[in-house]
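What follows is a set of notes on a single structure, which appears directly below.
2 protein chains.
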Amino acid sequence: MNKINGQIESTTVAFEDFAKYNEQVVTVKGYIHRIREMTGFSFIILRTHNQTIQCVYAPEFSSYRFDETITEETCVEVKGKVVCSKDAKGNDRYEIQIHDIKVLSRPKELLPIVVNKKQLDNIQLNTILDLRPISLRNPKQRAIFKIQEGIQRGFREFLSKNNFTEIHSPKINFAGAEGGTNVFKLDYFGKEVFLAQSPQLYKQAMVGVYERVFEIAPVFRAEHHDTSRHLNEYISMDFEMGFIDSFEDIMNMETGALKYIMNLLKTEYQNEVELLKIDIPEIDSIPSMKFMEAKELLMKKFKYQPTDMKDFDPQEEELLGKYAKKELNSDFIFITHYPSKKRPFYTMDDPNDPEYTLSFDLLFRGLEITSGGQRVNDYDTQVAKMVKCGMNPELFETYLMFHKYGAPPHGGLGLGLERLTMHLLGFKNVREATLFPRDINRVTP
Amino acid sequence: MNKINGQIESTTVAFEDFAKYNEQVVTVKGYIHRIREMTGFSFIILRTHNQTIQCVYAPEFSSYRFDETITEETCVEVKGKVVCSKDAKGNDRYEIQIHDIKVLSRPKELLPIVVNKKQLDNIQLNTILDLRPISLRNPKQRAIFKIQEGIQRGFREFLSKNNFTEIHSPKINFAGAEGGTNVFKLDYFGKEVFLAQSPQLYKQAMVGVYERVFEIAPVFRAEHHDTSRHLNEYISMDFEMGFIDSFEDIMNMETGALKYIMNLLKTEYQNEVELLKIDIPEIDSIPSMKFMEAKELLMKKFKYQPTDMKDFDPQEEELLGKYAKKELNSDFIFITHYPSKKRPFYTMDDPNDPEYTLSFDLLFRGLEITSGGQRVNDYDTQVAKMVKCGMNPELFETYLMFHKYGAPPHGGLGLGLERLTMHLLGFKNVREATLFPRDINRVTP
Numbered sequence: 000m001n002k003i004n005g006q007i008e009s010t011t012v013a014f015e016d017f018a019k020y021n022e023q024v025v026t027v028k029g030y031i032h033r034i035r036e037m038t039g040f041s042f043i044i045l046r047t048h049n050q051t052i053q054c055v056y057a058p059e060f061s062s063y064r065f066d067e068t069i070t071e072e073t074c075v076e077v078k079g080k081v082v083c084s085k086d087a088k089g090n091d092r093y094e095i096q097i098h099d100i101k102v103l104s105r106p107k108e109l110l111p112i113v114v115n116k117k118q119l120d121n122i123q124l125n126t127i128l129d130l131r132p133i134s135l136r137n138p139k140q141r142a143i144f145k146i147q148e149g150i151q152r153g154f155r156e157f158l159s160k161n162n163f164t165e166i167h168s169p170k171i172n173f174a175g176a177e178g179g180t181n182v183f184k185l186d187y188f189g190k191e192v193f194l195a196q197s198p199q200l201y202k203q204a205m206v207g208v209y210e211r212v213f214e215i216a217p218v219f220r221a222e223h224h225d226t227s228r229h230l231n232e233y234i235s236m237d238f239e240m241g242f243i244d245s246f247e248d249i250m251n252m253e254t255g256a257l258k259y260i261m262n263l264l265k266t267e268y269q270n271e272v273e274l275l276k277i278d279i280p281e282i283d284s285i286p287s288m289k290f291m292e293a294k295e296l297l298m299k300k301f302k303y304q305p306t307d308m309k310d311f312d313p314q315e316e317e318l319l320g321k322y323a324k325k326e327l328n329s330d331f332i333f334i335t336h337y338p339s340k341k342r343p344f345y346t347m348d349d350p351n352d353p354e355y356t357l358s359f360d361l362l363f364r365g366l367e368i369t370s371g372g373q374r375v376n377d378y379d380t381q382v383a384k385m386v387k388c389g390m391n392p393e394l395f396e397t398y399l400m401f402h403k404y405g406a407p408p409h410g411g412l413g414l415g416l417e418r419l420t421m422h423l424l425g426f427k428n429v430r431e432a433t434l435f436p437r438d439i440n441r442v443t444p
Numbered sequence: 000m001n002k003i004n005g006q007i008e009s010t011t012v013a014f015e016d017f018a019k020y021n022e023q024v025v026t027v028k029g030y031i032h033r034i035r036e037m038t039g040f041s042f043i044i045l046r047t048h049n050q051t052i053q054c055v056y057a058p059e060f061s062s063y064r065f066d067e068t069i070t071e072e073t074c075v076e077v078k079g080k081v082v083c084s085k086d087a088k089g090n091d092r093y094e095i096q097i098h099d100i101k102v103l104s105r106p107k108e109l110l111p112i113v114v115n116k117k118q119l120d121n122i123q124l125n126t127i128l129d130l131r132p133i134s135l136r137n138p139k140q141r142a143i144f145k146i147q148e149g150i151q152r153g154f155r156e157f158l159s160k161n162n163f164t165e166i167h168s169p170k171i172n173f174a175g176a177e178g179g180t181n182v183f184k185l186d187y188f189g190k191e192v193f194l195a196q197s198p199q200l201y202k203q204a205m206v207g208v209y210e211r212v213f214e215i216a217p218v219f220r221a222e223h224h225d226t227s228r229h230l231n232e233y234i235s236m237d238f239e240m241g242f243i244d245s246f247e248d249i250m251n252m253e254t255g256a257l258k259y260i261m262n263l264l265k266t267e268y269q270n271e272v273e274l275l276k277i278d279i280p281e282i283d284s285i286p287s288m289k290f291m292e293a294k295e296l297l298m299k300k301f302k303y304q305p306t307d308m309k310d311f312d313p314q315e316e317e318l319l320g321k322y323a324k325k326e327l328n329s330d331f332i333f334i335t336h337y338p339s340k341k342r343p344f345y346t347m348d349d350p351n352d353p354e355y356t357l358s359f360d361l362l363f364r365g366l367e368i369t370s371g372g373q374r375v376n377d378y379d380t381q382v383a384k385m386v387k388c389g390m391n392p393e394l395f396e397t398y399l400m401f402h403k404y405g406a407p408p409h410g411g412l413g414l415g416l417e418r419l420t421m422h423l424l425g426f427k428n429v430r431e432a433t434l435f436p437r438d439i440n441r442v443t444p
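These protein sequence lines map, in sequence, to chains A and B.
To convert, note that position 108 of the first sequence is 107 in numbering that gives the first Met the number 0; the numbers rise steadily by one, no gaps.
To convert, note that position 383 of the second sequence is 382 in numbering that gives the first Met the number 0; the numbers rise steadily by one, no gaps.
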């Protein structure tokens with residue numbers, strides 16, 4: 000009989016701790032990232048979960064007999080002495096003099112791409128994606144999804160500190176859950192059901208229970224277009240909050256969350272921020288502008304003739320982003336009061352001008368990353384609005400339960416995790432910021 | 000032009016802070032949970048996101064003219080003075096003398112069930128589930144999913160502190176991802192794809208990148224049986240770790256995570272633990288026993304004649320749970336070394352006895368809550384094992400990329416969030432611990 004006591008042995012010595020181990024013998028496990036043979040010795044660069052460590056192999060202090068069976072991507076345990084030397088700038092630089100190597104596993108074949116250079120050079124995005132399990136072994140590629148972790152972690156931590164409850168709503172939804180044609184259909188034991196396009200209806204219902212809720216989970220959109228900014232499956236970061244005084248409460252909460260996220264990246268993801276040379280936006284407050292004001296600005300200042308007076312095209316978003324940066328010194332700008340016709344059925348109309356809504360989008364450096372707003376909370380108003388939108392309220396009986404039995408003034412938003420990651424990192428294609436992207440042509444790996 | 004500065008106004012005064020506001024006038028928003036009319040005054044119980052607050056309405060200090068249009072489930076803002084009196088035990092008890100009430104929204108109809116009693120009495124589970132958006136307004140029902148939040152939060156926090164990276168793997172999987180018949184099929188732009196049964200293959204691949212990864216996300220199982228412990232969609236808490244010395248490293252990590260979770264519930268979810276009268280298990284170390292030892296114990300000590308020598312039936316799990324509690328003073332017991340024939344193709348066989356595997360299940364009070372183990376990491380061994388299992392390795396090319404180009408010794412586990420919640424709370428049916436359950440008969444609400 001064994002007893003499993005939950006004591007975790009730390010297998011990695013963090014790079015920043017090496018000073019503590021100077022002149023001591025340590026054991027480190029990892030992948031052999033790179034081998035550079037020199038005259039009389041070799042550099043063996045070890046890759047651990049978050050760093051590369053320079054190890055030196057030389058017959059005079061290494062008992063292990065190094066030969067050509069040790070290749071890159073071999074998993075090893077290295078035992079050796081931490082030694083310190085000065086780099087060109089006079090800073091301390093630590094490396095390990097290898098005493099012994101224990102081989103833990105060997106690759107079957109050599110890698111088909113070079114991952115141990117600074118970045119993946121001259122490799123097409125499609126190849127990078129086809130080979131995701133190994134292309135991510137490149138430290139710069141790997142850093143992308145550490146940053147993505149940091150973004151969603153910041154979102155979660157900030158909301159938790161502000162009394163939000165984390166929920167998990169079902170991804171298999173009953174017929175008609177959100178309407179629209181862009182849904183994936185599924186045969187569910189003979190019934191036709193849909194994959195969730197968003198947690199919208201569930202998060203609203205939970206406002207009646209927890210007042211403030213959030214969810215970070217996959218959503219599915221059967222959109223046929225194949226663009227650089229759309230995915231058919233992505234991670235949506237959603238929140239919904241009750242007892243608001245105005246839809247500006249939601250914008251305030253998002254501003255707070257973004258400040259928190261950017262600060263978290265600067266402080267706890269510093270290595271990745273430096274590796275990817277990320278220009279972290281400084282956020283103090285975020286300017287906001289009404290939809291119609293923005294349209295006028297585009298026409299007057301930029302002489303841009305809009306083709307659609309109900310929404311913005313990508314070029315308009317870009318111009319507004321430039322304006323926000325240049326004139327308002329902000330990487331972000333809220334656009335509020337979108338036309339009622341372009342917003343979903345649950346959006347609250349502006350009581351002062353029902354052609355427009357109490358809604359907003361957030362543009363980040365000229366790209367829309369959020370849609371949000373206040374929701375209808377009165378039962379009769381919601382039923383009437385559904386009918387006006389050509390929907391059948393009877394199909395939404397369980398959704399309308401929330402409104403029928405009492406719903407406070409409330410609102411919320413959704414934020415696409417991959418799209419925010421993409422734009423923060425300056426990528427042109429959202430697939431670069433998606434671990435295993437799903438689009439109209441890709442369901443592998 | 001507005002400026003949105005991210006300053007969050009706190010709308011709720013937490014109950015535990017009321018002493019700070021004694022004799023002061025505060026504003027609190029919430030639902031009217033219950034109205035009790037007395038002679039000359041009324042108690043109005045206000046429900047906020049995490050508590051109920053007793054407010055007193057009396058014409059002598061209330062300027063608002065209370066009448067029958069104010070019903071339960073009306074959303075209000077109450078302004079009033081915090082006053083302190085002694086309860087029967089002589090403890091301080093705070094309540095609010097209502098000065099004014101502002102109605103924020105009114106329900107269209109009165110609730111079809113009583114939610115403002117201590118618990119939902121004499122209401123069938125099916126009705127509770129049909130009415131989830133409102134049955135959860137009962138504080139005891141609501142507490143269930145705060146506890147669930149705490150469990151997954153503890154899992155995440157513990158693993159993050161132990162250098163795990165959080166990942167999001169795709170839920171739309173390509174053909175043959177895990178084999179088996181219990182998969183939901185989906186028409187994906189003319190291609191047949193599957194909903195993920197588990198993140199298994201993706202989390203293994205990410206061990207080659209981040210060494211330690213975890214994911215908390217929905218999984219989908221098209222199982223036809225309709226039992227009290229199965230769901231067709233549930234939240235799986237998965238982790239996978241590389242560079243392990245033995246599969247006991249995984250059991251140690253799980254033990255550590257469970258200790259952390261239980262401690263978190265005791266310290267930060269105290270109200271819910273008390274409300275639901277949860278018997279939080281004390282964990283020091285967790286005993287473990289080999290599969291065949293357990294079978295012998297069942298036969299010798301309990302005179303139980305097993306019908307299946309490759310797995311346990313629910314009654315056997317229960318007996319082992321009783322044994323662990325009585326003889327080993329533990330609510331948990333690991334059963335290790337399951338027969339090779341009953342474990343998935345990626346499980347590593349025990350080199351000392353290949354009929355058995357380096358795998359384990361964790362039983363909690365006689366119910367299996369985890370399966371885990373060490374995985375095959377050698378390419379040739381994995382291909383051979385797939386062929387032996389009747390699988391076509393060519394369909395798993397992208398999965399096997401991890402093995403082909405170097406995979407360290409590794410392993411992991413999966414833990415069903417709803418099932419753990421159910422058993423911790425002493426429920427008989429997993430649906431009670433599922434926010435919006437999906438089973439063969441239910442896809443609504």
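Idealized CB from N, CA, C, for every residue including glycine.
Every value quoted in this text rests on a predicted model; they were computed, and no experiment measured them.
8 Å Cβ cutoff, residue i in contact with chain A
| i | result |
| --- | --- |
| LEU158 (chain B) | no |
| SER284 (chain B) | yes |
| THR369 (chain B) | no |
| ASN428 (chain B) | no |
| VAL272 (chain B) | no |
| PHE333 (chain B) | yes |
Chain-ordered chain B contacts of residue i [CB-CB under 8 Å]
| i | result |
| --- | --- |
| LYS403 (chain A) | PRO106, LYS107 and GLU108 |
| SER168 (chain A) | LEU434 and PHE435 |
Any C-beta of chain B under 8 Å from that of residue i
| i | result |
| --- | --- |
| ALA216 (chain A) | yes |
| ILE146 (chain A) | no |
| LEU135 (chain A) | yes |
| LEU59 (chain A) | In the sequence as displayed, the identity of residue 59 (chain A) is Glu instead of Leu. No, GLU59 (chain A) does not count as interfacial toward chain B. |
| SER275 (chain A) | A small fix is needed here, since residue 275 (chain A) is Leu in this sequence, not Ser. Answer no: the Cβ-Cβ gap between LEU275 (chain A) and chain B never drops below 8 Å. |
Any C-beta of chain C under 8 Å from that of residue i
| i | result |
| --- | --- |
| CYS54 (chain A) | Reference to chain C is not applicable here, since the protein chains of this structure are A and B. |
Helix, strand or coil at residue i [DSSP, three-state]
| i | result |
| --- | --- |
| TYR345 (chain A) | coil |
| PRO350 (chain A) | coil |
| ARG131 (chain B) | helix |
| HIS216 (chain A) | The sequence shown places Ala at residue 216 (chain A), not His. If DSSP states are grouped into helix, strand and coil, ALA216 (chain A) belongs with the strands. |
| TYR93 (chain B) | strand |
| LYS384 (chain A) | helix |
| THR306 (chain B) | coil |
Neighbourhood of residue i by C-beta distance below 6 Å, restricted to the same chain and skipping five residues each side
| i | result |
| --- | --- |
| LYS85 (chain A) | none |
| GLU417 (chain B) | TYR233, VAL429, ALA432 and THR433 |
| GLU271 (chain B) | ALA142, LYS145 and ILE146 |
| SER301 (chain A) | It should be noted that the sequence gives Phe, not Ser, for residue 301 (chain A). If we look at PHE301 (chain A) and ignore the five residues flanking it on each side, its Cβ neighbours are LEU318. |
Short Cβ contact (8 Å threshold) for residue i with residue j
| i | j | result |
| --- | --- | --- |
| LEU263 (chain B) | LEU319 (chain B) | no |
| ILE3 (chain B) | ASN251 (chain A) | yes |
| PRO447 (chain B) | LYS309 (chain B) | Residue numbering for chain B in the displayed model covers 0 to 444; residue 447 (chain B) lies beyond these limits and cannot be assessed. |
| TYR63 (chain B) | ILE95 (chain B) | no |
| ILE122 (chain B) | ILE112 (chain B) | yes |
| PHE154 (chain B) | ALA256 (chain B) | yes |
| PRO198 (chain B) | SER159 (chain B) | no |
| PHE213 (chain B) | ASP248 (chain B) | no |
| ALA383 (chain A) | ILE334 (chain A) | no |
Chain B contact residues for residue i, given Cβ-Cβ distances below 7 Å
| i | result |
| --- | --- |
| HIS48 (chain A) | ASN162, TYR209, GLU210 and ARG211 |
| MET250 (chain A) | ILE3 |
Same chain, Cβ closer than 7 Å to residue i, five either side skipped, listed in chain order
| i | result |
| --- | --- |
| ASP349 (chain B) | HIS336, TYR355, THR356 and LEU357 |
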